[in-house]
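Residue 53 in the numbering used here sits at position 53 of the sequence shown, with consecutive numbering throughout.
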Amino acid sequence: MNIPKPYVPMLLSAVRDAVLYNQNLLHSETLREREDYEEHLVHLTQFFEYLKDEYKSNEAEYGLKLEQLLPEQAES
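Structure (structure tokens):
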């Protein structure tokens, strides 16, 4: 897969937002099939970590450091 450079930061941000949304969703008392959501969150989190590693190793190509794009993720 070849993702255009301008879309890479957006992809990283979108997956981060999905992780945060699903983390908050797990706090819902009306959630059914919680195990499915927990498993989905595990996969999303792993994907997010993979994307961050890939971004970091190619950071110069994107013109924005990971710490600038995701300041709250800098310590991860």
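We treat Cβ as the ideally placed atom computed from N, Cα and C, and that holds for glycine.
{"Query": "Under the three-state reduction of DSSP, which class applies to asparagine 2: helix, strand or coil?", "Result": "coil"}
{"Query": "Do the CB positions of glutamine 11 and isoleucine 3 come within less than 8 Å of each other?", "Result": "Rather than glutamine, the amino acid found at residue 11 in this sequence is leucine. Going by C-beta atoms, leucine 11 is nearer than 8 Å to isoleucine 3."}
{"Query": "Could you please give the first and the last residue of the uninterrupted alpha helix (DSSP H) stretch that includes histidine 40?", "Result": "34-57"}
{"Query": "Buried or exposed for leucine 66, please, with buried defined as at least 16 other CB atoms from any protein chain shown within 10 angstroms of its CB.", "Result": "buried"}
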